[in-house]
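Notes for the one structure printed next.
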Amino acid sequence: MNIIGFSKYGKPSELKKTTAAYPHGFDASNNIVIKVHAAAINPVDKGLLSGDLKIVLPVATFPHVISYDVAGVVEEADREGKFSVGQPVFARLFGNEKDGKKTPWYRGAMAEYCVADTSNVVPKPENLTFEEAASIPLVGMTALQVLKASGLKEGGSIFISGGAGGVGTMAIQLAKHVFKARLVVTTASNGEKEKLCKSLGADVVVDYKTAKFEEVYGGVNAEKFDVCFDTTAESLKMAAIVKDGGRIVTIAGMATLEELRRIGGTAWILKLFVKRRVKRKEYKAALSKNADWNYLFLLPSQNDLSTLAGHLQSGLIKPVLDGVWDFHSEDSEEGWQGAFNRSFSGRAKGKCVVQIVS
Ligand SMILES: NC(=O)c1ccc[n+]([C@@H]2O[C@H](COP(=O)([O-])OP(=O)(O)OC[C@H]3O[C@@H](n4cnc5c(N)ncnc54)[C@H](OP(=O)(O)O)[C@@H]3O)[C@@H](O)[C@H]2O)c1
Numbered sequence: 050m051n052i053i054g055f056s057k058y059g060k061p062s063e064l065k066k067t068t069a070a071y072p073h074g075f076d077a078s079n080n081i082v083i084k085v086h087a088a089a090i091n092p093v094d095k096g097l098l099s100g101d102l103k104i105v106l107p108v109a110t111f112p113h114v115i116s117y118d119v120a121g122v123v124e125e126a127d128r129e130g131k132f133s134v135g136q137p138v139f140a141r142l143f144g145n146e147k148d149g150k151k152t153p154w155y156r157g158a159m160a161e162y163c164v165a166d167t168s169n170v171v172p173k174p175e176n177l178t179f180e181e182a183a184s185i186p187l188v189g190m191t192a193l194q195v196l197k198a199s200g201l202k203e204g205g206s207i208f209i210s211g212g213a214g215g216v217g218t219m220a221i222q223l224a225k226h227v228f229k230a231r232l233v234v235t236t237a238s239n240g241e242k243e244k245l246c247k248s249l250g251a252d253v254v255v256d257y258k259t260a261k262f263e264e265v266y267g268g269v270n271a272e273k274f275d276v277c278f279d280t281t282a283e284s285l286k287m288a289a290i291v292k293d294g295g296r297i298v299t300i301a302g303m304a305t306l307e308e309l310r311r312i313g314g315t316a317w318i319l320k321l322f323v324k325r326r327v328k329r330k331e332y333k334a335a336l337s338k339n340a341d342w343n344y345l346f347l348l349p350s351q352n353d354l355s356t357l358a359g360h361l362q363s364g365l366i367k368p369v370l371d372g373v374w375d376f377h378s379e380d381s382e383e384g385w386q387g388a389f390n391r392s393f394s395g396r397a398k399g400k401c402v403v404q405i406v407s
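Numbering (the working numbering), first residue to last: 50 to 407.
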């Protein structure tokens, strides 16, 4: 089968279209094979490719199939019959490299077929295309898990940095339409991205290229926020705009030792380079405002993906696609490479998706 992956850590130019064995011999007690129709790209893919994440997310075998987000049709069902052949599904793949198993096709959505643990798979919302469905799992679950952890309440206020990104576009919609926040403020560049954020439910968009949010909302008379959700590694500055008793949750920049352990990081070397939460300057800054600060990693949750599927089906939230690129084309703009270039540029508006079956 055709795959997009890399055979050594390095620059995006290491990503190649190549072939790998169809995933015969998977453990059908809790896995299915998906015929992939579409796969989406995330910043973590760049980190995985560069080798920056290898202490926490080591690659089991090269070539490593890239990407975590998938939508497709069940090609081979699990023995328990939780899913059936031909059923449209979507998932965020969580691999098993940490178990020490050599299953090169296990993690990796950017291929004609992939294997998914049934506990990560959810039926695709019928009103979504495969490309739209593939755009959701990683960013949608991240936004949902942060919002749940943040304690955001109906009528509350939230500041979300990076509103036009994959996570930001989900976070704005969930905060406004599901958690029913009274005030949603975000940062984005003006023009198209500002318009997009407003259409998704942002009440105010601060143009981050011409204004500093910590100044706009940092003054003594400015409104402060119950929750600050950081997707741009700016959580230190959020101490200036969080309410007394509020919460800052970040998903970007350096994680805490506790959070790396929570997602399964066991390497002793982590302790040398990664600080505990209470030692972080972001935590101390938040504490000085009687607020809380935490780093959060996405964890697998079929429940959360099912919840998102329900919100998508009912139209409460919608996918935001920067574009769809063609898996089968080697054209540097229209083909799959164009999707990676766009996503890895950090400038995308929503998600970059690669279509595998048209
Ligand atoms: N901890 C976790 O489990 C987890 C999960 C998901 C993502 N993440 C991390 O969260 C971050 C965001 O992910 P993502 O998927 O949303 O990224 P993304 O889709 O690549 O974000 C791109 C967008 O961010 C905007 N942007 C960049 N810098 C900005 C700034 N300073 N202020 C406002 N907007 C800015 C860009 O707009 P312009 O072009 O206008 O700059 C662009 O629209 C990444 O660092 C990612 O690794 C962590």
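Glycine included, every Cβ here is placed at the ideal spot set by N, Cα and C.
Check your understanding: Measuring CB to CB, does ALA70 end up less than 9 Å from SER116?
Key -> no
Practice item. Could you tell me which of LYS225, GLY268, LEU232, LEU98 sits nearest to ALA192, measuring between CA atoms? Key: LYS225
Review point. Sorted by chain position, which residues of the same chain lie with C-beta nearer than 6 Å to LEU98's C-beta, five sequence neighbours on each side aside?
Key: PHE55
Check your understanding: Under 8 Å from any heavy atom of ligand 1, does the C-beta of SER300 make it?
Key -> A small fix is needed here, since residue 300 is Ile in this sequence, not Ser. For ligand 1, at least one heavy atom lies less than 8 Å from the Cβ of ILE300.
Review point. What number of angstroms, rounded off, separates the C-alpha of PRO186 from the C-alpha of CYS163?
Key: 16 Å
Check your understanding: Which residues in the same chain as TRP342 place their Cβ atom closer than 6 Å to its Cβ, once the five residues preceding and following it in sequence are excluded?
Key -> ILE297, GLU331, TYR332, ALA335
Point to revise | Near ligand 1: GLY313 beta-carbon under 8 Å from a heavy atom | key: no
Exercise for review: Could you tell me the boundaries of the alpha helix (DSSP H) in which VAL93 lies?
Suggested key: 92-99
**Study point:** Secondary structure, beta strand (DSSP E): runs of 3+ residues fully inside the stretch 198-235
**Key:** 206-209
Check your understanding: For PRO349, is the beta carbon positioned less than 8 Å from some heavy atom of ligand 1?
Key -> no
Point to revise | Buried versus exposed call for ASP275 [16 or more other C-beta atoms within 10 Å across all chains shown] | key: buried
Practice item. Flag this pair as yes or no: are the beta carbons of GLN404 and ASN176 separated by less than 9 Å? Key: no
Review point. Of the residues LYS173, ILE300, ASP293, which one's Cα is nearest the Cα of SER284?
Key: ILE300
Check your understanding: DSSP three-state call for PHE75: helix, strand or coil?
Key -> coil
Review point. Exposed or buried, what is ARG425 when buried is set at 16 or more other beta-carbons lying within 10 Å of its beta-carbon?
Key: As displayed, the chain neither begins before 50 nor continues past 407, which places residue 425 out of reach and without an answer.
Practice item. Using DSSP bridges, identify the partner residues of LYS66. Key: ILE53
Check your understanding: Is it right to say LYS167 is buried, meaning 16 or more other beta carbons lie within 10 angstroms of its own, or is it exposed?
Key -> According to the sequence displayed, residue 167 carries Thr and not Lys. By the 10 Å Cβ count, THR167 comes out buried.
Point to revise | Pairwise C-alpha distance: ILE318 and VAL105 | key: 10 Å
Exercise for review: Would you check if the stretch 263-283 and the stretch 195-207 touch, i.e. whether three or more CB-CB distances between them fall below 8 Å?
Suggested key: yes
Point to revise | Three-way DSSP call (helix, strand, coil) for PHE278 in this model | key: strand
Review point. Since VAL188 and GLY215 are thought to touch, with beta carbons under 8 Å apart, how far apart are those beta carbons, to the nearest angstrom?
Key: 4 Å
**Study point:** Burial state of ASN91 (16 or more Cβ within 10 Å)
**Key:** buried
Point to revise | Counted within 10 angstroms of its Cβ, other Cβ atoms place THR235 as buried (16 or more) or exposed | key: buried
Review point. In the structure shown, what three-state DSSP assignment does THR167 receive?
Key: helix
Practice item. Would you check whether ligand 1 has a heavy atom nearer than 8 Å to the C-beta of VAL93? Key: yes
**Study point:** Bounding residues of the alpha helix (DSSP H) (the contiguous stretch that carries TYR344)
**Key:** Premise fails: TYR344 lies in the beta strand (DSSP E), 341-344, not in any alpha helix (DSSP H).
Exercise for review: Please classify THR299: does DSSP put it in a helix, a strand, or coil?
Suggested key: strand
Exercise for review: Report whether the distance from the Cβ of LEU345 to the nearest heavy atom of ligand 1 is below 8 Å.
Suggested key: yes
Review point. With 16 other CB atoms within 10 Å as the buried threshold, where does ASN339 fall?
Key: exposed
Check your understanding: So the beta strand (DSSP E) HIS377 belongs to, where does it begin and stop?
Key -> No beta strand (DSSP E) contains HIS377, which DSSP labels as neither H nor E.
**Study point:** Through-space distance from ILE83 to VAL122, alpha-carbon basis
**Key:** 6 Å
**Study point:** Cβ-heavy atom distance, GLU63 to ligand 1, below 8 Å
**Key:** no
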